[in-house]
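*Asks:*
Residue numbers (our numbering): 733 to 982.
(1) Can you round the beta-carbon distance between residue 733 and residue 746 to whole angstroms, since I take them to be within the 8 angstroms contact cut?
(2) Going by C-alpha to C-alpha distance, which of 857, 871, 863 sits closest to residue 878?
(3) Can you tell me the Cα-Cα spacing of residue 866 and residue 805, whole angstroms?
(4) According to DSSP, simplified to helix, strand and coil, what is residue 972?
(5) Using beta-carbon positions only, say whether residue 911 and residue 930 come within less than 8 angstroms of one another.
(6) Considering only their Cβ atoms, is the gap separating residue 812 from residue 846 smaller than 8 angstroms?
(7) Enumerated in chain order, which unbroken segments of the alpha helix (DSSP H) with a length of 4 residues or greater are wholly contained in the region 739-794?
(8) Which term fits residue 836, buried or exposed, when burial requires 16 or more other beta carbons within 10 angstroms of its beta carbon?
(9) Classify residue 788: buried if its beta carbon has 16 or more other beta carbons within 10 angstroms, exposed otherwise.
(10) Would you tell me roughly how many angstroms separate the C-alpha atoms of residue 826 and residue 780, rounded to the nearest one?
(11) Curious, which full-length alpha helix (DSSP H) runs of at least 4 residues does the region 794-833 contain?
(12) Given a threshold of 16 other Cβ atoms within 10 Å of its Cβ, counted over all protein chains shown, does residue 849 qualify as buried or as exposed?
(13) Under the DSSP definition of a beta bridge, which residues are partnered with residue 735?
(14) Thinking C-alpha only, which one of 950, 969, 887 is nearest residue 958?
(15) With DSSP as the reference, label residue 870 as helix, strand or coil.
(16) According to the Cβ coordinates, are residue 854 and residue 908 closer than 8 angstroms?
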């Protein structure tokens, strides 16, 4: 089940998707077009479904092996939609109707992708790419990066599978902070690019200086954080969705 809000999280409607959903993107034109990426489906490749009303879905199978999830969906400034699934980055130039691989890595698998303006980063298990113009450039790494987003300076800020935080810039990767020795559940910056949040099941870390320093909050944790305004997120746990605003003093 997919839940949709039109009032900042005050109330929610349910949408029935054609499969279990791993990733979701709402196209920004009017908020009605939904692009959904599948979890790892038994005996089937990674699959994407597009709907303009939440009822009727157009389904596309990606060229991946069976039982591969669509880990993330994002849109760039030109309106092209990107997906990461398995060893590939896919691009759609027609709002999700068709997809073509733009990168297939010889080793490792992708787990996340992020775009902001001219900048783009895709990370995964021993795999890292950044976007230069329309070209995706590989960076040699042995780090297992779980999530990535982009700060106000165009730097990629990533978190690995054991809670280490990294900065990516000019093809170089540097570890800049440690959190807790646990698997993260999400990493996202708000629209300013200065305030970011990394969630774990038992804690959350927040930065207000584009990732230079991080503060820990044990009172909140969850599986996913979605920015809805500057310094404000919706955070989802296993059973609840709540709204979180960054404390005025950190």
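The C-beta atom is built at its ideal place from N, Cα and C for all residues, glycine as well.
In this text the structure is predicted, and so the values were computed from the model without any measurement.
*Replies:* Let me lay it out:
(1) 5 angstroms
(2) 857
(3) 17 angstroms
(4) coil
(5) yes
(6) no
(7) none
(8) exposed
(9) exposed
(10) 13 angstroms
(11) none
(12) exposed
(13) 746
(14) 969
(15) strand
(16) no
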